[in-house]
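Participant: For the protein sequence lines, the chains are A and B, in the order given.
Taking the numbering used here, the leading residue of the first sequence gets 1, the next gets one more, and so forth.
Taking the numbering used here, the leading residue of the second sequence gets 1001, the next gets one more, and so forth.
Got a structure for you, written out below as structure tokens; questions coming shortly.
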Amino acid sequence: MSVYSSTVVRAAAALFVSAAAGAQQTWSPFIGFASASSAGPRQPMPGVSPLVIEPGALLESGRGSILARWSVPVTSPAFQLNDADLAMRARLLSSRLAEGSLVATARYDHGSLDALASASSAVRLQIGTTGSTRGLQFGAGVDGWRSSINGNGVVVPATTISGWIRRFGLSFSAELSARSLPGSSTTTTDTARFSFIPDSLARRSTSGTADTAITGNPYVPSPSPPTSSQPTSQGANGRAFGEAALRVSGMLMSFGIDGHAGIGLASGGQARGFGSLILTKWISPGFAFTGGVVVQPPEPGSSGRRAGGLLGIRLASGPRLFPHFVNAPKVGASSSSVRFVDGGATIEVRAPAAGHVEISGDFTRWRPVTLDHVGGDRWALTTRLTPGLHRFVVRLDGGTWLPAPGLPQTVDAYEGTVSVIVAP
Amino acid sequence: MKTTTIVLACLLTASAARAQDARLRGVLDAETLAKVTRLTDSARVESLPVEPLVGVALEGAQRHASGARITKAVQDYLGALRGARAALGSDASVAEIASGAGVLLSGVNGDVLRQLRTASPNRSLTVPLVVLADLIARGVPKDTAARAIAAAARANARDDDYSALRRFVEQDIIAGASPAAAAMLRVRSITGVPPADEPVP
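Next up, the structure:
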């Protein structure tokens, strides 16, 4: 396991402990059914079905998420691990003007399509800024990416520019990313069996002089991986990948929606579409069914295309969480509470990734009032409340007015739902 | 002296009316404002609380509801205020009427209010009615919540008892109990009588 994989595993373990200690979290075991097809020169291994079962689990909290998934062939004569993924996202900072996330992935791939084993990891630091005007929220961010393939330190400079708006309780985002290829890398015997992007696209000597341009599908490795026992040198000339994707996520009534669609392009002229649609239906505040279809985005170095379905349940401790899948933009508050002290009331909303939280209720004459950021993911308003029943709604970052999760709710005269609190 | 007092009262009333108009004027269109003002004026003439009606109109504006929708919501609330006073009696306080209207709008039958008044003729029903509305908002079925509050009223529960009932039910629900079971269990600890044995109007 490379140093990057070790780092990822350690960071994931730390996040797991942190998330487990959080007040609100969602645990989502699921089973995926995927079908892989060869799209390149390399054919599937004889006797191995392209259909795989992918058990996995997703743990989410306001601070981040961890996704673990592995894949085994349905008809394998013996247990065979096709591949496994460990992905984590940790929100490092979140303020009114900026937010930063660390996205780390570790992947083991013994693809039935490639007949080659590999381990890779990547660490991305995403920093963006947000703002809101007239109910629209927008943002943009860039990130860098450092990968390690089978112990080879491969720096893949990547830039992602994303923007999002939030309306009607849904978050719409668009993302453009570009990756340039590494200039050169050196592989050894143990790691030479895996061929990453450079081998599939172009070759360049370690001296930096261009040798031979490889034509063909830029998404697939070369058909003949090196087998020499001597260290091999390989590299790439300036080929590039680009991806463009649109995503929508959020809540509509008791349904959670997370869908995206995009296209990957390589400078060789190859293009592949990808996308997913995952729906979550909350049956009760702590239990939901989830399911959907996924066509995975193209992965440089992989010869196959993977498409499949997903079935699972989601379990939430405490009030229902809004869906914020591994790569989804922030969308909602996680919990709320009210404390009464000396005739005053402090309404506190926990919104892990919000930059601006407002409240509107009968005690504000239904005008928006901004909550104070009191630290971490906590936003609060202290006000005097007359004894009796009061109703209010909250909104994050100029989004839709919604009841505060974790407090009693009722339907108002306008067929909306509002939070209800009783002042003593 | 008496004349001066009346004049001052009229001035204060007119001032309050102007203030309410000003609050609504900025957020309602002219036609809706005129209709809502007529409804609030009716409430004022009938000595019904006006403030909840203004709140309903402001809430509708905040939710970008249509003028017709806002007018209907205010009209419905005015109807609930009238129904609450009819059920609670002409001597009911403004706070009782407002709380009773909230209960009626949550779907509880007016006979429940009459039953509570009969059980507690000389006590304010503001707190019991607020707790009743709160229990319903927390997911306690309407009949069960009405039974629980009626049982507490028959047992001469004090305001503190109702507040404790609300607090304990809240804790039980958070701990995982079903809202109905929590209400039935907790009211029994106050009255000693299972609320299921209480008649429901």
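All residues carry an ideal CB built from backbone N, CA and C; glycine is no exception.
Spatial neighbours of A:Gly111 within its chain, please: CB distance less than 6 Å, with the 5 preceding and 5 following residues excluded, ordered by chain position.
Facilitator: The predicted position of A:Gly111 is uncertain, since its pLDDT is 48 and thus under 50; no value can be drawn from it.
Participant: For a contact meaning CB atoms closer than 8 Å, what does A:Arg365 contact in chain B?
Facilitator: Result: Arg1023, Gly1055 and Leu1058.
Participant: Kindly list, in the order they appear in chain B, the residues whose Cβ is closer than 8 Å to that of A:Pro424.
Facilitator: By Cβ distance, chain B contributes Ser1163.
Participant: Using 8 Å as the threshold, is the region 370-386 of chain A in touch with the region 332-348 of chain A, meaning 3 or more CB pairs across them?
Facilitator: Yes, they touch.
Participant: Give me the Cα-Cα distance between A:Val271 and A:Val293, rounded to the nearest whole angstrom.
Facilitator: Per the sequence presented here, residue 271 of chain A reads as Ala, with Val not at that position. Looking at the two C-alpha atoms, the distance is approximately 20 Å.
Participant: Where do the N-terminal and C-terminal ends of the beta strand (DSSP E) with A:Arg384 fall, by residue?
Facilitator: Residues Arg378 to Arg384.
Participant: Three-state secondary structure (DSSP) at A:Pro29?
Facilitator: Here A:Pro29 sits in strand by DSSP.
Participant: If you follow the beta strand (DSSP E) that A:Ala345 is part of, which residue opens it and which one closes it?
Facilitator: Per DSSP, A:Ala345 belongs to the beta strand (DSSP E) from Gly344 to Arg350.
Participant: Which whole-angstrom value describes the C-beta separation of A:Ser276 and A:Val248, a residue pair presumed to lie in contact below a C-beta threshold of 8 Å?
Facilitator: Wrong, their Cβ atoms sit about 11 Å apart, outside the cutoff.
Participant: Indicate whether A:Thr417 and A:Gln409 have their beta-carbon atoms separated by less than 7 Å.
Facilitator: Cβ atoms of A:Thr417 and A:Gln409: closer than 7 Å.
Participant: In this structure, what does DSSP give as the bridge partners for A:Pro55?
Facilitator: According to DSSP, A:Pro55 bridges with A:Ile31.
Participant: Helix, strand or coil for A:Gly256 per DSSP?
Facilitator: Strand, per DSSP.
Participant: Could you tell me the boundaries of the beta strand (DSSP E) in which B:Phe1168 lies?
Facilitator: Premise fails: B:Phe1168 lies in the alpha helix (DSSP H), Asp1159 to Ile1174, not in any beta strand (DSSP E).
Participant: Are three or more beta carbon pairs between the region 1093-1108 of chain B and the region 1038-1054 of chain B nearer than 8 Å?
Facilitator: Yes: at least three Cβ pairs fall under 8 Å.
Participant: Whether or not the region 1165-1185 of chain B and the region 1135-1151 of chain B are in contact is what I'm after, with contact meaning three or more pairs of Cβ atoms, one per stretch, closer than 8 Å; do they touch?
Facilitator: Segments in contact, yes.
Participant: Just how far apart, CA to CA, sit B:Glu1031 and B:Ser1066?
Facilitator: Computed Cα separation, rounded: 11 Å.
Participant: Beta-carbon of B:Gly1089 versus every beta-carbon of chain A: anything under 7 Å?
Facilitator: It does not; no Cβ of chain A falls within 7 Å.
Participant: Do B:Leu1081 and B:Arg1117 come within 7 Å of each other at the CB atom, strictly closer than that value?
Facilitator: Not in contact: B:Arg1117 and B:Leu1081 (Cβ atoms no closer than 7 Å).
Participant: Between the alpha carbons of A:Arg89 and A:Ala68, how many angstroms are there, rounded?
Facilitator: Taking the straight line joining both Cα atoms gives about 12 Å.
Participant: Using the rule of at least 16 other Cβ atoms within 10 Å of the residue's Cβ for burial, across every protein chain shown, is A:Ile31 buried or exposed?
Facilitator: A:Ile31 is exposed by the Cβ-count criterion.
Participant: Beta-carbon separation of A:His390 and A:Ile347 under 7 Å?
Facilitator: It is not a contact, given that the beta carbons lie outside the stated cut-off.
Participant: Give me the residue from B:Arg1044, B:Asp1041, B:Val1054 and B:Ser1042 with the minimum Cα distance to B:Leu1028.
Facilitator: Closest by alpha carbon: B:Val1054.
Participant: Quick check on A:Ser200: buried or exposed, where buried means 16 or more other Cβ atoms within 10 Å of its Cβ?
Facilitator: Interpretation of A:Ser200 is limited by its pLDDT of 24, a score under 50 that renders its predicted location unreliable; no figure is taken from the coordinates.
Participant: Checking contacts by CB at 7 Å: is B:Ala1182 closer than that to chain A?
Facilitator: No, B:Ala1182 does not count as interfacial toward chain A.
Participant: Using 6 Å as the cut-off, classify the Cβ of A:Thr382 as near or not near the heavy atoms of the ligand NAP, replying yes or no.
Facilitator: Ligands in the displayed structure: none, and consequently the ligand NAP is not present.
Participant: Taking a contact to mean a Cβ-Cβ separation below 7 Å, would you say A:Gly406 touches A:Ser360 in this structure?
Facilitator: Contact: no.
Participant: Let me know if A:His260 comes out buried or exposed under the rule of 16 or more other beta-carbons within 10 Å of its beta-carbon.
Facilitator: Answer is buried; the Cβ neighbour count reaches 16.
Participant: What span of residues does the beta strand (DSSP E) with A:Ser337 cover, start to end?
Facilitator: Taken as a continuous stretch (DSSP letters only), the beta strand (DSSP E) holding A:Ser337 covers Ser335 to Val341.
Participant: When the cut-off is 7 Å and only beta carbons count, does A:Pro55 lie next to chain B?
Facilitator: Judged by the 7 Å Cβ criterion, A:Pro55 is not in contact with chain B.
Participant: Which residues bound the alpha helix (DSSP H) around A:Leu396?
Facilitator: That residue, A:Leu396, is in no alpha helix (DSSP H); its beta strand (DSSP E) goes Gly388 to Leu396.
Participant: Ends of the alpha helix (DSSP H) at B:Asp1041?
Facilitator: It spans Ala1030 to Val1045 - the alpha helix (DSSP H) in which B:Asp1041 sits, taken as one unbroken run.
Participant: Do B:Val1074 and A:Gly388 come within 7 Å of each other at the CB atom, strictly closer than that value?
Facilitator: Result no, Cβ atoms of A:Gly388 and B:Val1074 do not sit closer than 7 Å.
Participant: Since B:Val1169 and B:Ala1151 are thought to touch, with beta carbons under 8 Å apart, how far apart are those beta carbons, to the nearest angstrom?
Facilitator: Not confirmed; about 14 Å, so no contact.
Participant: Judging by CA-CA distance, which residue of A:Gly256, A:Phe274, A:Ile257 and A:Phe255 is the nearest neighbour of A:Gly242?
Facilitator: Taking only the C-alpha atoms, the option nearest A:Gly242 is A:Phe274.
Participant: Could you work out which residues of chain A lie near B:Ala1137, taking near to mean beta carbons separated by less than 7 Å?
Facilitator: In chain order: Pro408, Gln409, Thr410 and Val420.
Participant: As a quick exercise: from A:Trp366, A:His356 and A:Glu175, pick the residue whose alpha carbon is nearest that of B:Arg1023.
Facilitator: Comparing Cα-Cα distances from B:Arg1023 to each of A:Trp366, A:His356 and A:Glu175, the minimum goes to A:Trp366.
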